[in-house]
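Asks: Before anything else, here's the structure in question.
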Amino acid sequence: MRSFTIIICLLLVAGTSDVSAQEVAPPSNLNVFDVENDKGEELRLTWTLSADDPNTETKEDVKEESANEPPATLNNPVVGYLIEVKSGNQKEFAEAGKVDAGVSEFKADDLERQEYSYRVKAIGADGSFSTATGISAATPVRQWVDRSKIYFGFFMLVVCGSVVYFIEAAKAGKQLKVRKIAGLEAIEEAVGRATEMGRDCLFIPGIQDINDIQTVAGLIVLNRVAELTAEYDAGLDVPTTRSLVMTVARETVDGAYTSAGRPDLYNPDNIYYVTDEQFGFVAAVTGKMVREKPAACFYMGAFYAESLIFAETANTVGAIQIAGTAMPSQLPFFVAACDYVLIGEEFFAASAYLSGEPQQLGSLKGQDVGKFIAGLFLIVGALLMTVSQFVHRGASGEKTGPLQDAISFMTESLLGT
Amino acid sequence: MLKRTVPLIIASIVGIVLILAKFSPPIQSWETEVVMWFDILAVFAFVLGAGNLNLNNLKKISERKAGWGYAAITLLAFWITLICGIGKLGVPPNEQYLGYAWSGSFEAEGSAFWWIFNYVYVPLASTMFATLAFYISSAAFRAFRANNVEASLLLLTALVVLVSQTSSGPMLSDLIPEESTWAIFKIDTIRGVLVNLFNTLGTRAVMIGIALGVVSTSLKVLMGVDQSYLGGD
Amino acid sequence: MDKFWNSLANLDRRWLFALTFLAISIPLLTGIVLPQKVTPMVENVFNAIDELPSGTKILMPLDYDPSAEGELQPMADAFIRHAAQKKHKLYFLTIWPTGVAMIQRQVATLKKEYPEYVYGEDYVNLGYRPGYEGVIKLITSDLPKLYGSDQQGTPVAKIPMMAGIDSIKQFPLIVNVSAGDPGLKQWVQYAATPFDSIEIVGGTTGVQASTLYPYIPNQMIGMIAGIKPAAEYEKLMFEKYPEIEKRPNSNMANVFMTSQEVAHFMLIAIIILGNVVMWQTGGRRDQS
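Residue numbers (the working numbering), protein chains in the order written: chain A, 1 to 417; chain B, 1001 to 1233; chain C, 2001 to 2288.
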């Protein structure tokens, strides 16, 4: 009987020592927070890694602190963490997700706006689980305003506000001046030339759809070109790559011919859809250029690789060419091959310039305010960064102090949206 | 009046709501919804486009206008491609749904549409894009002239960038020893300055200007200040 | 002599076209490959893929069409071979309708050169979805909403490697190859910039490069813009994985680069000739 008891005890001891070698240390310090600036569907969890996690830093610290003790070995290293959740009306915890070892955070999404309780367990290499962390709970909160975008909103209000202010000021009679834009002055000359030569004017409003603001800006210029062709009785040809652009362009030209007093000259067939395919469009339009030899070509909108093909082909047929685009990559090609080019913002200023209406000129003045703000930021930022290069580093090698705070504020708060 | 006012009111309301949505998390997803609406509209626009394409080209053919032969080829290509795509000619069924002949993708390998795409469309599109190389050479000969100081600087920059995009240029300039005072004239160094400094700065300035232009034009459209694109004054 | 310069001033451009044709085609036919010097930007792009642990999920949007294939296919090939060599999990998609065929080519390369790659486990073709950059914005928060099935119509629930994928925030790296808008710029603006967890490298045409440099290095690790950096990328890849070099068409960028080399020097000669003609004729040119 005694020997039997000893065997049982030995087995128990062996069993106990085996269990203590295999048991995974649990993670700790579980915190659950509401995710800010969201619509109330997410919670963020953070915890301290298990002592058996191969990525945990505390191992090294423990080793240094207790140098006399033998280094701890990971019999059963952590391979991941199990996150469990229980919402207000549930009795049992259910799995919310798993993350790999070394990861000490988790984002729970698709949640309702009610309280959720969480706990985290470490998963050992043998598939066993540690005991759970303490339970931590939080409720997702819906934010109606994204506070991280407050500065962005502020600048937007200032820029948009100044555009609106100057438009209203101009309506009230404030005199505004705008410099001459050669490309726009040349439109009349180009249409006049086409009339003299008895050839058509070709107008391409870019190759993007109507949801691209460059296409809208192009159609605004088309309005002016169509008015002139109506006045001079010159032909106008408008091929488009999108059928929605064709529809709007027809309205534009129809309106222009009516306001020029020549609705009888308007022919919707001259504004037509070719194809959505970029180079199919190029083939059709350049073919037409070679066959019909337009006297004036206008390229106003968003262009890509086709810009130079159009411009060089029109050059071979001796057409006068005026381009306007906000595609920085295509500007060099237009500059090289066209007679006049509206560069970037000049293109957007075209409508105000062409209409001559004071309220439209007001919008240009508003743009200047935006430029002033951008310039101010550039100067202040450049100054801060330059001065910070001469500031001594702190003991840790990190730059600290009010200057760094200012730079961080600029880059992370003012610009970080 | 109604023809222009109603669209403008709709545009203004949608535009303003979408601007607000940018700042309000609960309604942020509306933007994506609106993009989908646009896609649906664009699908109907395809029908409009196809109708216009057919009408225009049929008119050209029936009136025997100059170049009517091209119109006939366009229509033929259009209908053949459309029938092959919609009819899923030669499309093998999806492996998941083998019992259904039409379950495969219209552009599945081996289908008629796939054949047209690979053996007609691809060579044609590549050829058109490749013509750019020829136009670049004629434009370079005609337009790259050192007429004045600015044009000369532009010319010099172009030459450096062209050489830097070759294998031999940078390697030859590497013959200049690193420690030498002439090392700043290495092609890669000069290109680095041109690309990272002048190009980046210039591009950023143009982009800022363009962004402000976009803001201003969009506001004018939203406020109805500029209605000329709708045929108004 | 004046007559000679005048005739040059009014040179029929077809002579230039013929010269360009010869400058491009002859080097292509010879198959000569020139040595490349690797620039730091290309090295950064290479390392972005190479330093990721094996099996990392990489999102590969291929947003280009056949017209740009000549310039972009070599770099797309190189990216795919490199990623497959590292045994990364590849998720193909496109926001260009014509990009589907470009993905099919990459899938064909994978099937041929990496037969151990299993569809649905190691790579998946999610295909095209309309909506331009709206697609990017949406999949940053909800990928399954837009991609309920793959290109062949197989539900994502039946694709093992799609399990647990909620949004593209779960991809540590995006490798985009694009020929314009929407493309690399939009992936940088709407995916990589707002989310710290997403890094991006890209490949694009040479002409787009100038507008994308401002995003490097803060918003984008780096990019391969045009044939030359693609050739440098191939060189780096061959150095580290020499077995790739023996495969057919694995050095296309290097082959194309020889043509580009000759064409660039021809362009330089043409520009110089144009200026000499201008100085000799005083800028006169017959208007015809």
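The beta-carbon is built from N, C-alpha and C at its ideal position, and this holds for glycine as well.
Every value quoted in this text rests on a predicted model; they were computed, and no experiment measured them.
(1) So is A2253/C in contact with chain B if we call contact Cβ pairs under 9 angstroms?
(2) Who are the Cβ neighbours of P2155/C in its own chain at under 7 angstroms, not counting the five residues just before and after it?
(3) Would you mind giving the Cβ-Cβ distance between L2267/C and L1162/B, rounded to the nearest angstrom? I have them listed as a contact below 8 angstroms.
(4) If contact means a Cβ-Cβ distance below 7 angstroms, which residues of the segment 2202-2214 of chain C contact chain A?
(5) Any idea if A1066/B is buried or exposed, counting beta-carbon neighbours within 10 angstroms, 16 or more meaning buried?
(6) Does G1224/B get closer than 9 angstroms to chain C when you measure Cβ to Cβ?
(7) Output yes if chain C places a C-beta closer than 9 angstroms to the C-beta of Y304/A; else output no.
(8) DSSP on N2275/C, reduced to helix/strand/coil?
(9) Along chain B, which residues have their Cβ under 9 angstroms away from the Cβ of T2020/C?
(10) Interface residues of chain E around S329/A at Cβ under 7 angstroms?
(11) Are the beta-carbon atoms of A302/A and A323/A separated by less than 9 angstroms?
(12) Buried or exposed, going by whether 16 or more other CB atoms sit within 10 Å of the CB of S2054/C?
(13) Is it buried or exposed for T275/A, if we count other Cβ within 10 angstroms and need 16 for buried?
(14) Which of the residues in the segment 1191-1209 of chain B, read from start to end, lie with their CB under 7 angstroms from any CB of chain A?
(15) Could you name the residues that DSSP lists as bridge partners for Q389/A?
(16) Taking all protein chains shown into account, decide if V1225/B is buried (16 or more other Cβ within 10 angstroms of its Cβ) or exposed.
(17) What is the C-beta distance between G2180/C and M2075/C, in whole angstroms, given that I count them as a contact (C-beta under 8 angstroms)?
(18) Looking only at DSSP bridge pairs, what is F298/A linked to?
(19) Got a sec: is the Cβ-Cβ distance from V2124/C to anything in chain B below 9 angstroms?
(20) Using a Cβ-Cβ distance under 9 angstroms, would S413/A count as near chain B?
(21) Tell me which residues of the segment 215-227 of chain A have at least one Cβ-Cβ distance to chain B shorter than 7 angstroms, keeping chain order.
(22) Run through DSSP, which three-state label would L2008/C get?
(23) Sorted by chain position, which residues of the same chain lie with C-beta nearer than 7 angstroms to E41/A's C-beta, five sequence neighbours on each side aside?
(24) For the segment 1057-1075 of chain B, list every residue whose C-beta sits within 9 angstroms of some C-beta in chain A, in sequence order.
(25) On a CA-only basis, which of R242/A, D368/A and A349/A is nearest N1052/B? Give me that one, please.
(26) Work out the CA separation of A51/A and K63/A for me, nearest whole Å.
(27) Of all Cβ atoms in chain B, is any one closer than 9 angstroms to the Cβ of N2275/C?
(28) CA-CA distance, F281/A and F1078/B?
(29) Among the residues of its own chain, which have a CB less than 8 angstroms from the CB of Q2073/C, if the five just before and after it don't count?
(30) Sort out for me which residues DSSP pairs K98/A with in a bridge.
(31) To the nearest angstrom, report how far apart V2177/C and W2187/C are at their CA atoms.
(32) Could you confirm whether any beta carbon from chain B is found closer than 9 angstroms to the beta carbon of M2278/C?
(33) Are I309/A and Y1070/B closer than 9 angstroms when you measure CB to CB?
(34) Whole angstroms are fine: how far does the CA of A234/A sit from the CA of G261/A?
(35) What residues from the segment 2069-2095 of chain C come within 8 angstroms of chain B, judged by C-beta to C-beta, listed N to C?
Replies: Straight from the coordinates:
(1) It does not; no Cβ of chain B falls within 9 angstroms.
(2) These residues qualify, in order along the chain: G2148 and S2149.
(3) Sure, about 6 angstroms apart at Cβ, within 8 angstroms.
(4) From the segment 2202-2214 of chain C, only V2207, Q2208, S2210 and T2211 have a Cβ closer than 7 angstroms to chain A.
(5) So A1066/B ends up on the exposed side.
(6) No, its Cβ sits nowhere closer than 9 angstroms to a Cβ of chain C.
(7) It does; some Cβ of chain C falls within 9 angstroms.
(8) Helix, per DSSP.
(9) Chain B residues near T2020/C: A1133, F1134, I1136, S1137 and S1138.
(10) Given the protein chain composition of this structure (A, B and C), no chain E is represented.
(11) No; because the gap between Cβ atoms is not below 9 angstroms, this pair is not in contact.
(12) By the 16-neighbour rule on beta-carbons within 10 angstroms, S2054/C is exposed.
(13) With 16 or more other Cβ atoms inside 10 Å of its own Cβ, T275/A counts as buried.
(14) Taking 7 angstroms as the Cβ-Cβ cut-off against chain A, the residues of the segment 1191-1209 of chain B that qualify are T1203, V1206, M1207, I1208 and G1209.
(15) Q389/A pairs with nothing; no bridge assigned.
(16) Per the 10 Å Cβ criterion, buried.
(17) Cβ atoms of G2180/C and M2075/C stay farther apart than 8 angstroms, at about 15 angstroms.
(18) Under the DSSP definition of a beta bridge, F298/A partners with F203/A and I322/A.
(19) Not one chain B Cβ lies under 9 angstroms of V2124/C.
(20) It does not; no Cβ of chain B falls within 9 angstroms.
(21) Answer in chain order: V216, A217, L219, I220 and N223.
(22) Reduced to three states, the DSSP call for L2008/C is helix.
(23) Around E41/A: D109, D110, L111 and P140.
(24) Flagged, chain order: K1059, A1066, G1067, Y1070 and T1074.
(25) Closest option to N1052/B, judged by alpha-carbon separation, among R242/A, D368/A and A349/A: R242/A.
(26) Low local confidence applies: a pLDDT of 49 at K63/A is under 50, so the model's placement there is unreliable, and no value is given.
(27) N2275/C has a beta carbon lying within less than 9 angstroms of a beta carbon in chain B.
(28) Going by C-alpha positions, F281/A is about 14 angstroms away from F1078/B.
(29) Annotation for Q2073/C: M2102, R2105 and M2252 place their beta carbon closer than 8 angstroms to its own, counting only its chain and skipping 5 residues before and after.
(30) Under DSSP, K98/A shares a beta bridge with L82/A.
(31) Those two C-alpha atoms are separated by around 10 angstroms.
(32) With 9 angstroms as the cut-off, M2278/C counts as an interface residue toward chain B.
(33) Taking 9 angstroms as the Cβ cut-off, I309/A and Y1070/B do not qualify as a contacting pair.
(34) Each residue's Cα considered, the two are about 14 angstroms apart.
(35) For the segment 2069-2095 of chain C, which is checked against every Cβ of chain B, the residues closer than 8 angstroms are E2069 and G2070.
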